[in-house]
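In what follows, a structure is listed as structure tokens, so that the remarks can point back to it.
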Amino acid sequence: MATTAKTRVIPAGLSREQLHEIYYYLRLTRSLEERLRNLYRQGKVIGGLYSSLGQEGESVASAYALAEGDILSPLIRNLGAMLVKGAKPVEVLRQYMAKATSPTAGREMNIHFNDLRLGFLGQISHLGDMVPVMAGIALSFRLRREPRVGLVYVGDGATSTGAFHEGVNFAAVQRVPLVVIVEHNGYAYSTPTSRQTAVERLADKARAYGIPGRTVDGNDVLAVYEATKHAVERARAGEGVTLLELVTYRRRGHAEHDDQRYQPREEIAAWEGRDPIERYTRQLRDNAWIDDAGIAAIDDRVSEELDRAVADSENDPVAAPDTVLRSVYLDPPAADVLWFRRRDA
Amino acid sequence: MATTAKTRVIPAGLSREQLHEIYYYLRLTRSLEERLRNLYRQGKVIGGLYSSLGQEGESVASAYALAEGDILSPLIRNLGAMLVKGAKPVEVLRQYMAKATSPTAGREMNIHFNDLRLGFLGQISHLGDMVPVMAGIALSFRLRREPRVGLVYVGDGATSTGAFHEGVNFAAVQRVPLVVIVEHNGYAYSTPTSRQTAVERLADKARAYGIPGRTVDGNDVLAVYEATKHAVERARAGEGVTLLELVTYRRRGHAEHDDQRYQPREEIAAWEGRDPIERYTRQLRDNAWIDDAGIAAIDDRVSEELDRAVADSENDPVAAPDTVLRSVYLDPPAADVLWFRRRDA
Amino acid sequence: MPEVTYLEALRQGMLEEMERDESVFILGEDIGAYGGAFKVTDGFLDRFGPSRVIDTPISEAAIVGAAAGAAHMGLRPIAEMQFIDFISCAYDMLTNYVATARYRAGLATPIVVRGPSGGYVRGGPFHSQMPEAAFFHTPGLKLVAPATARDAKGLIKAAIRDDDPVIYFEHKFLYRRIKEDLPEGEEILTPIGKARMAREGTDLTIVTWSALVWKALEAAEQVAKEDRAEIEVLDLRTLLPMDDEAIMSSTKKTNRVLIVHEDTRTGGLAGEITARINESAFEWLDAPVRRVTAHDTPIPYAPTLEDYVLPQTADIVSAARRLLAY
Amino acid sequence: MPEVTYLEALRQGMLEEMERDESVFILGEDIGAYGGAFKVTDGFLDRFGPSRVIDTPISEAAIVGAAAGAAHMGLRPIAEMQFIDFISCAYDMLTNYVATARYRAGLATPIVVRGPSGGYVRGGPFHSQMPEAAFFHTPGLKLVAPATARDAKGLIKAAIRDDDPVIYFEHKFLYRRIKEDLPEGEEILTPIGKARMAREGTDLTIVTWSALVWKALEAAEQVAKEDRAEIEVLDLRTLLPMDDEAIMSSTKKTNRVLIVHEDTRTGGLAGEITARINESAFEWLDAPVRRVTAHDTPIPYAPTLEDYVLPQTADIVSAARRLLAY
Ligand SMILES: Cc1ncc(C[n+]2csc(CCOP(=O)(O)OP(=O)(O)O)c2C)c(N)n1
Ligand SMILES: Cc1ncc(C[n+]2csc(CCOP(=O)(O)OP(=O)(O)O)c2C)c(N)n1
Ligand SMILES: [Mg+2]
Ligand SMILES: [Mg+2]
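Listed below in structure tokens is the structure:
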């Protein structure tokens, strides 16, 4: 046998290739955010920059548990999930720089874009609203008897919204194939979870809806994968909604401008020690599921891809207003040009 | 000793007089609704008529657990609670007949009126909205360190609203002195609870908010009193919110016009057998807390009071439009009379 | 030709579309076993089964949001609000999510949100609203408000087929009060965006819609008889997008315009219509554009009070006379 | 006299009222330890403690509802929306509960709901809204929208003292962009319901408010220089109730009116203002009332797109010239 005695059976039915692919997405997410941070510092990002540092593990692993045809709705910190579902780094870069070539042609910000064919639905800013919408997408799967599953991410903070409540309850009573992932990262902007809700374990929120709730270590990539996979399979089997609380930590501020003064330094440091990517890499290495050369190869690939993506986006033209009035409706196809902008009026 | 051997110690620290007073409110509620039904049949009620038949027990007993200074917000089926808090039958009659003399001078319907001095806040139709408002009232108690408590009623159906969720969560995390009573009466209009939520016990909804939840037999007057009293005392002691599920049954339709075709006849019959007033009366009698003469005296008093109330309302003038534009604001004091109604314009 | 009420026409429209197109389904509170608070969907559950007639929890935001999600996937949901007053609970979902979905994300959201609207039924402040102005202001939504049985049917069918989100305000005062002969085999489709000439006239144009069309017609008859003036009544039918052409051509014909709506004055749609006439037909005006609307208060419950606050036929007559005399 | 930004003036106004009146408190998301997304309440927690500066869950309906409840009991809450765009989540609570409380139930609800509003900051569709039209239509609410630092202070103080619910739209583009000398000891109170003459003129009236006041003034200067025409600029300050008198008296003076607002055209407040002018000053008009507004789309994110969709100084100049030439 080629593998050493240290090689353990890979859990959760994953193959070696899949483990490597997960590593690729983790690295891609983190590195893409690093590139974005550079561009932000250069003043090339329009508006705010959001980071998922420390949360890439749960984002990537949960999305990885979905199959083709399944649809997820990401949050601002789910860049990783979108990449898994096929969003391209160049698209993300173009979005952040408001380029004409971006998926929304400069109409929307950052990772607010979608591709339902690939399987991700773009969010709006209003927290909680995507839960009912995803309940409806999952409802359409049930109504058409398609073996597809929906997955929606919400933050600890967003669990306080009325839309979250109405959406989860609706989904639960309609038994639609939906997985609700609560990313418990300790803060909603500056608000610690203890000020958001009086429960300790956000998984307990599932009790209000008569659905199973489970708390998972969000920085344990394989545990997240396994738990999500199980919830996805339940949903696909017609057993309805599952709520997963993934416990993790937001290591950077709400957005790049946030000085995080409300996050104790030691707390941040402690979570640095639990970095999900390092932990996963160690696990891969310790179990001999990958070797150093393998890691280096992936890292290089990521680096090259991102070099290309930055080059392919940075100098693109900003969106020009010639199309800006189109597609408010399908019909009429464009909004009126107002009189003070028309030469003839 | 004058009382017989059968006399048991009265539970929940209630006195005999209080037991009799509770009986009075139960009878008053049921009889007032009977009077209203007559007026409705005579076409004197404007719009719909709502009945709490079978729920008077929980409504009266829970309100009875409050002290002076406490404030409750009733639902359409909490006539009993309002009467306990000091609303007058004549006011209710005038409201239902849209009289000029009614508490809202004909502006609002049925039991949608309030008296904060007496301790009840009028509801609006939009289900769930009173929960945040009562959370705010309870918050004001906490902020001012007043030893007062708020109590809000919601139906099984209203637990599905976003406002319910936001309000209970807000109240729980702010630890305000609030009691949330979920009247689980089996239906929301025609919708059985099984279509409203996937939980069996609505008390479980408390789990989502980190507050205690308890299920109580809503047709057991003393059990409701005791449970509410306990929740009120917890709140008054600064221990925060309690959610009580009172299990009962809506024996009439959503409103008087509703044919109840969706409620199985046997189900209604079964609950008739569990009538809270009969049960309470039996309990009073069996324990010799009242005798037949005592009951007859209260029944007579109720009857006389209602005769008077009907006489004092039936022939009152309907509201005249002379004041209808006033008090949209404190300042300006009245809305404009529109030009087509003015002689001078 | 059978006589059909406004409510029955609406029912028929939905039934026909549900028969025609499997992707159409309906969801809302008490619409299944109970057939809806006004029995608009009576019998639908038996006919189409529980996966196309879905009783929901009391969750207007979720009803609209779920409809939007299903619509993205190619279904065509009709979401019923038990009373249109409760659409306010879905205001965020409609104005932020639904209305912008095509613009920001290229998503088709062919949903219809409909419900019993309007006053004159002693419903009090929360069962009498006509909340058209709340949504009129949001690009991406379409708004329709039929006045006749024919249009009740024609507009619901058109709304269901429209690829954009449509809010359909059905007037509960009209449900069983008006009847019309509707041919059975005929496919009735009322184009969205086109007004209807409800009465031709030469001396004054009334622009109106929904229940007020009938009061305007009554007023026009009275003025014709008593004042020998001919009022033209334009029934807008679609509020957004608005049929500017029809409004302007009638304005240019009669040179006097009265806008009549049931909503409050301040912020009601009459303002926008006045502005558009002002912009496009100012020179044709022989008198200021004026409006007959509700007073600026909530809608009170007592019949006497409601009748005072809401516009009545006599108000339209009085306003028309003043405008004619201008 | 110290130079004070618009944001600082707003802060000062709240601080002064909180010092003056113990019943004033503030609640909202991240307003305590963090001092608010824009640092408007920076330091408030230290100064007033956690029972007067309350960090809430992400629950706009509960924030507004709880404020209303506390207000019924005699407190005077200021509810912050982190961005005013999220007020849509409290739309039901505001329009149905809060706005009607006095009318239907005799309840005083002296709350202020405020938050960063408006565009020109590359905030995209959900951080750029100016949702005045959504509430303008509801009797029972008052709406204010200061343009200057003085009014930022004067209106927040007046709003806090007002016995009716007030929505205070503070313009985030102005926060740190404008400065004004504000005397320290002076009690600044801007009366609610009164417009401000921002620039006197004789040839054309611009009716506007909030950030657009500044663009209107810029345009007026340019027109004065290049066209030798004097534009009067009326800053409404309060949107509801509106200062009709000021609008009419300026209209009657200049005989030409241009309404300028940042909201979309259809359903924006310009419609109502046009209707009012039409009703009350039709005979004084030498030209149609016209409006410069945003285009009827959501607000896009890219600077180029946002600049196209929102009204700019050049648009006002172009519109004013056409009106002057009418
Ligand atoms: C309805 C609503 N209210 C307020 C906001 C402003 N806001 C944006 S992100 C955020 C915090 C979100 O926290 P959480 O849900 O925990 O997600 P996280 O950022 O931690 O991933 C807030 C308050 C919003 N987007 N939507
Ligand atoms: C937000 C909202 N949606 C819909 C309605 C219409 N409606 C009035 S009562 C009712 C059923 C209420 O059921 P429940 O809460 O169980 O109270 P119950 O009538 O059983 O006491 C419905 C759907 C409403 N009032 N508010
Ligand atoms: Mg969080
Ligand atoms: Mg019920």
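Protein chains in written order, with this note's numbering: chain A, 1 to 345; chain B, 346 to 690; chain C, 691 to 1016; chain D, 1017 to 1342.
Where is the CB? At the ideal position from N, CA and C, for every residue including glycine.
Query                                                                                                                                                                                  : Result
Determine the DSSP secondary structure at Glu860(C), reduced to helix, strand or coil.                                                                                                 : strand
Looking only at its chain, what residues have a beta carbon closer than 7 Å to the beta carbon of Ser447(B), apart from the 5 residues adjacent to it on each side?                    : Glu436, Arg439 and Gln440
Measuring only between beta-carbons, confirm whether Asn455(B) sits less than 8 Å from chain D.                                                                                        : no
Check the C-beta distance from Pro1066(D) over to Glu1200(D) and give it rounded, since I have them as a contact under 8 Å.                                                            : Their Cβ separation, rounded to whole angstroms, is 29 Å, which puts Pro1066(D) and Glu1200(D) out of contact at 8 Å.
Could you pull the DSSP bridge partners for Phe1041(D) from this structure?                                                                                                            : Pro1093(D)
Arg687(B) by DSSP, collapsed to three states: which one?                                                                                                                               : coil
Beta-carbon within less than 7 Å of Tyr1022(D)'s beta-carbon, same chain only, minus the 5 sequence neighbours each way: which residues are those?                                     : Ala1165, Ala1168, Leu1190, Tyr1191 and Ile1194
Report whether the distance from the Cβ of Arg250(A) to the nearest heavy atom of ligand 3 is below 7 Å.                                                                               : yes
I believe Thr449(B) touches Arg1120(D) by the beta-carbon criterion, under 8 Å. Please report the beta-carbon distance rounded to the nearest angstrom.                                : 6 Å
Taking 7 Å as the limit, tell me which residues put their C-beta closer than that to any heavy atom of ligand 1, in chain order.                                                       : Leu75(A), Ile76(A), Arg77(A), Ser125(A), His126(A), Leu127(A), Gly128(A), Val154(A), Gly155(A), Asp156(A), Gly157(A), Ala158(A), Thr161(A), Glu183(A), Asn185(A), Tyr187(A), Ala188(A), Tyr189(A), Arg250(A), His254(A), Glu1045(D), Asp1046(D), Ile1074(D), Glu1076(D), Gln1098(D), Phe1099(D), Phe1102(D) and Cys1105(D)
Beta carbons nearer than 9 Å to chain C: which residues of the stretch 117-135 of chain A have them?                                                                                   : Leu121, Gly122, Ile124, Ser125, His126, Gly128, Asp129, Met130, Val131, Pro132, Val133, Met134 and Ala135
Quick one: does Arg735(C) have its CB under 8 Å from some CB of chain A?                                                                                                               : The question names Arg, but residue 735(C) in the sequence shown is Leu. No, no contact with chain A.
In the structure shown, what three-state DSSP assignment does His230(A) receive?                                                                                                       : helix
At a cut-off of 7 Å, would you count Ala641(B) as near ligand 6, judging by its Cβ distance to the nearest heavy atom?                                                                 : In terms of ligand content, the structure shown lacks ligand 6 and carries ligand 1, ligand 2, ligand 3 and ligand 4 instead.
Could you name the residues of the same chain whose beta carbon sits closer than 8 Å to that of Ile46(A), not counting the 5 residues immediately before and after it, in chain order? : Tyr96, Met97, Ala98 and Met109
May I ask you to report which of helix, strand or coil DSSP gives Asp1197(D)?                                                                                                          : strand
Spatial neighbours of Met1146(D) within its chain, please: C-beta separation below 6 Å, excluding the five flanking residues on both sides.                                            : Ser1133, Gly1134, Glu1278 and Asp1279
If the cut-off is 7 Å on Cβ atoms, which residues from the stretch 210-238 of chain A count as contacting chain B, listed in chain order?                                              : Gly210 and Ile211
Under 9 Å Cβ-Cβ, which residues of chain A neighbour Thr746(C)?                                                                                                                        : Phe170, Val173 and Gln174
How would you label Ser194(A), buried or exposed, when you count the other beta carbons within 10 angstroms and need 16 or more for buried?                                            : exposed
Is the beta carbon of Ser396(B) closer than 8 Å to that of Glu378(B)?                                                                                                                  : yes
Under a Cβ-count criterion, where at least 16 other Cβ atoms within 10 Å of its own Cβ denotes burial, should Asp1197(D) be classed as buried or exposed?                              : exposed
Would you kindly report the start and end of the unbroken alpha helix (DSSP H) that includes Ile846(C)?                                                                                : Ala839 to Arg851
Arg680(C): buried (16+ other C-beta within 10 angstroms of its C-beta) or exposed?                                                                                                     : In the structure displayed, chain C extends from 691 to 1016; residue 680(C) sits before or after that span and is not available.
Can you pull the chain D neighbours of Arg452(B), defined as C-beta to C-beta under 7 Å?                                                                                               : Tyr1119 and Arg1120
How many Å lie between Ala1343(D) and Pro1319(D) at the Cα?                                                                                                                            : What is shown of chain D runs 1017 to 1342, which leaves residue 1343(D) out entirely.
Among Leu19(A), Gln263(A), Pro212(A) and Arg144(A), which one has its Cα closest to the Cα of Val173(A)?                                                                               : Pro212(A)
Please report how far the alpha carbon of Leu683(B) lies from the alpha carbon of Ala1087(D), in whole angstroms.                                                                      : 32 Å
Which residue marks the beginning of the beta strand (DSSP E) containing Met97(A), and which one marks its end?                                                                        : Where Met97(A) is concerned, there is no enclosing beta strand (DSSP E), given that its DSSP letter is neither H nor E.
Check whether the stretch 462-469 of chain B and the stretch 1048-1058 of chain D are in contact - that is, three or more C-beta pairs closer than 8 Å.                                : no
Enumerate in chain order the residues of its own chain whose CB-to-CB distance from Ala350(B) is below 6 Å, with the five nearest sequence positions on each side excluded.            : Residue confidence is low: Ala350(B) scores 47 on pLDDT, short of 50, so the model does not pin down where it sits. Its coordinate-derived value is still stated next. Same-chain partners within the cutoff: there are none.
Which residues in the same chain as Val1056(D) place their Cβ atom closer than 7 Å to its Cβ, once the five residues preceding and following it in sequence are excluded?              : Leu1023, Leu1026 and Arg1027
Got a sec: is the Cβ-Cβ distance from Tyr262(A) to anything in chain D below 8 Å?                                                                                                      : yes
List the DSSP bridge partners of Thr928(C).                                                                                                                                            : Val834(C)
In this structure, how does DSSP classify Ala188(A) when only helix, strand and coil are distinguished?                                                                                : strand
What does the alpha-carbon distance come out to for the pair Ile523(B) and Val577(B)?                                                                                                  : Note on identity: in this sequence residue 523(B) is Leu, with Ile being the wrong assignment. Their backbone Cα atoms lie some 8 Å apart in a straight line.
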